[in-house]
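*Asks:* Chains as they are written, first to last, in the numbering used here: chain V, 44 to 177; chain P, 44 to 177.
2 protein chains.
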Amino acid sequence: MATMTAAQRREKARAEYDAFIRACPTNQLLDRISDKWVSLVVAALAPAPMRYSDLARKIAGVSPKMLTQTLRTLERDGILTRTVTPSVPVRVDYALTPLGSSLALLLTAVKDWAENHFDEVHAARERYDEETDR
Amino acid sequence: MATMTAAQRREKARAEYDAFIRACPTNQLLDRISDKWVSLVVAALAPAPMRYSDLARKIAGVSPKMLTQTLRTLERDGILTRTVTPSVPVRVDYALTPLGSSLALLLTAVKDWAENHFDEVHAARERYDEETDR
DNA sequence: CAGCATCCCCTGTGATACTG
DNA sequence: CAGTATCACAGGGGATGCTG
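Here it is in structure tokens:
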């Protein structure tokens with residue numbers, strides 16, 4: 044295998060690259076938790092379990108569709124549990140799993156960072172815009 | 044202003060809601076840093092400053108367009124600095140600011156979480172799919 | 001109450017090609 | 001090397017209406 048055309052080498056590199064991307068857990072999971080709604084849902088559930096309508100109210104701005112979609116993927120990923128109480132009317136509770144709680148710790152830290160450093164970011168933006176705008 | 048039609052009341056509520064959303068620093072910043080490319084760029088720059096082409100190579104999968112776009116917004120937000128050295132060929136270095144470094148700490152933690160818990164998430168997914176698929 | 005189904009638009013994103 | 005410009009596309013996400 045000492046001989047290999049440039050095309051073959053390129054193809055090999057590409058194949059390895061693709062495998063790397065698919066195999067790379069970081070990118071996969073990072074993509075999922077780098078989601079607006081994921082952050083908000085996990086943060087909302089961090090203090091205490093909540094019902095569907097509580098979440099809808101607390102997150103304010105989320106459509107039923109996105110809320111459900113987000114909750115389903117998070118349930119699938121073992122981040123939270125979905126508990127249906129078959130009363131009338133139905134009652135559905137969502138709660139973080141231990142896994143979800145460990146993630147919530149980090150996302151809450153990020154959220155706190157955003158709150159604490161908003162001033163600096165805002166100031167930086169104004170400076171930048173002033174120097175740039177025209 | 045005791046009299047107000049339903050439409051007016053709705054419009055007022057909407058205006059207040061919009062103002063609330065815009066005023067809320069958490070959502071604004073959270074949205075920005077809850078971005079795939081932001082995470083990757085900040086993580087890439089955390090160990091050491093890098094040049095444009097270094098970033099393009101390290102991140103692998105990002106288009107020039109998205110890379111530039113991401114770098115610009117992060118520069119605007121004071122997360123990183125852009126330094127042009129007018130040699131031939133041109134050389135542009137990107138480095139995290141102290142503000143950016145503090146954020147990098149958190150995002151790196153999230154990245155590590157993703158790496159360390161991928162197995163659990165993956166297992167949860169298989170369990171979920173097995174119970175659900177039909 | 002807690003959804004699911006459908007429609008549909010619009011923007012973010014990627015590919016490609018060109019420039020200082 | 002470090003971008004910018006243009007185009008074309010997919011699909012994210014909202015609105016609406018219906019159900020167990």
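We put the CB at the ideal spot given by N, CA and C, even for glycine.
Could you say if the region 93-105 of chain P and the region 85-105 of chain V meet the contact criterion of at least three C-beta pairs nearer than 8 Å?
*Replies:* no
*Asks:* Take the Cβ of P/Leu148 as the centre, count every other Cβ of all protein chains shown within 10 Å, and call the residue buried at 16 or more, exposed below.
*Replies:* exposed
*Asks:* Distance check for V/Ala157 and P/Ser18, CA to CA, integer angstroms please.
*Replies:* A question about residue 18 of chain P goes unanswered here, because the residues of chain P that appear run from 44 up to 177.
*Asks:* Can you name the start and end residues of the beta strand (DSSP E) that P/Thr126 belongs to?
*Replies:* 123-128
*Asks:* From P/Ala138 to V/Asp162, what does the alpha carbon distance come to, in whole angstroms?
*Replies:* 21 Å
*Asks:* Please report how far the alpha carbon of V/Ser82 lies from the alpha carbon of V/Leu150, in whole angstroms.
*Replies:* 6 Å
*Asks:* Any idea if P/Ala103 is buried or exposed, counting beta-carbon neighbours within 10 angstroms, 16 or more meaning buried?
*Replies:* exposed
*Asks:* Establish whether the CB of P/Ser144 and some CB of chain V are separated by less than 8 Å.
*Replies:* No, its Cβ sits nowhere closer than 8 Å to a Cβ of chain V.
*Asks:* Along chain P, in chain order, which residues have C-beta atoms closer than 7 Å to that of V/Arg125?
*Replies:* Here the premise fails: no neighbours, minimum Cβ distance about 11 Å.
*Asks:* Under three-state DSSP, which class holds P/Asp172?
*Replies:* helix
*Asks:* I want to verify the contact list: residues of chain P whose CB lies under 8 Å from the CB of V/Arg134, in sequence order.
*Replies:* By Cβ distance, chain P contributes nothing, its closest Cβ being about 21 Å from V/Arg134, past 8 Å.
*Asks:* Can you check whether the C-beta of V/Ser96 is within less than 8 Å of a C-beta belonging to chain P?
*Replies:* Using beta-carbon distances, V/Ser96 does not count as an interface residue toward chain P, since no partner is under 8 Å.
*Asks:* Within the 8 Å Cβ cut-off, does P/Leu149 reach chain V?
*Replies:* For P/Leu149, the answer is yes, since a Cβ of chain V falls inside 8 Å of its Cβ.
*Asks:* Tell me the residue span of the beta strand (DSSP E) that contains P/Asp136.
*Replies:* 134-139
*Asks:* Flag this pair as yes or no: are the beta carbons of V/Val153 and P/Gly121 separated by less than 8 Å?
*Replies:* no
*Asks:* So which of P/Leu146, P/Pro141, P/Val105, P/Thr111 has the shortest CA-CA distance to P/Ala86?
*Replies:* P/Leu146 is the residue among P/Leu146, P/Pro141, P/Val105, P/Thr111 whose C-alpha sits nearest the C-alpha of P/Ala86.
*Asks:* Start and end of the alpha helix (DSSP H) containing P/Asp97?
*Replies:* 95-102
*Asks:* What does P/Arg168 touch in chain V if you count any residue whose Cβ is under 7 Å from its own?
*Replies:* Arg119, Asp120
*Asks:* Could you compute how far the alpha carbon of P/Thr113 sits from the alpha carbon of P/Leu123?
*Replies:* Approximately 11 Å between the Cα atoms of the pair.
*Asks:* Please decide whether P/Leu73 counts as near chain V, where near means a Cβ-Cβ distance under 8 Å.
*Replies:* yes
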